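Notes for the one structure printed next.
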Amino acid sequence: RIFSYIGVAMGSGAICGPMLGGLLSSLPPASAPDGPIRLVLERYPYLPPCAAAAAMAGVVWLATALHLRETLHQGDASLSAALMAPPRTSPRLRTPRKPLSSGAAFVAGPARTTVAGGG
């Protein structure tokens, strides 16, 4: 049930994100009061949507950092050792590969192609 929220969040973000970005990027600099904010909006018209996206990402990061609990406990040595162990590889992957060609074809120049039936 909780995984259904991921689809809802992605769908609403795909719909609302471009709409909000377009709305924020079309803010006229003349609507800002005189001063540094107006100068910044005149020079960087796409700053409001970028700042809004950065602020939302910051809120999500802060909420995650404060409310998400650690699942790897200090006393669980078996899980910690499993995470730190090097990945297992099959013996088949340890054998060196043979080169596809000697490399002379790449030095000689581009390959020529012919069409079947053509002269």
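Here the sequence shown stands for residues 1371 to 1489, numbered as in this note's numbering. The beta-carbon is built from N, C-alpha and C at its ideal position, and this holds for glycine as well. Please read these numbers as outputs of a predicted model, since none were measured by experiment.
Between which two residues does the alpha helix (DSSP H) holding residue i run?
i, result
"R1371", "Where R1371 is concerned, there is no enclosing alpha helix (DSSP H), given that its DSSP letter is neither H nor E."
"A1433", "1417-1437"
"L1411", "1406-1413"
Could you tell me the distance, in whole angstroms, from the CA atom of residue i to the CA atom of residue j?
i, j, result
"R1413", "P1419", "14 Å"
"Y1416", "S1382", "22 Å"
"P1399", "G1387", "22 Å"
"R1408", "L1397", "11 Å"
"L1438", "V1378", "20 Å"
Considering only heavy atoms of the ligand NAD, does any lie closer than 7 Å to the CB of residue i?
i, result
"R1408", "The ligand NAD is not part of this structure, which contains no ligands at all."
Could you round the C-beta distance between residue i and residue j to whole angstroms and report it? I think they count as a contact, below 8 Å.
i, j, result
"L1390", "A1424", "Actually they are not in contact, since the Cβ atoms of L1390 and A1424 sit about 13 Å apart, beyond 8 Å."
"A1402", "L1411", "5 Å"
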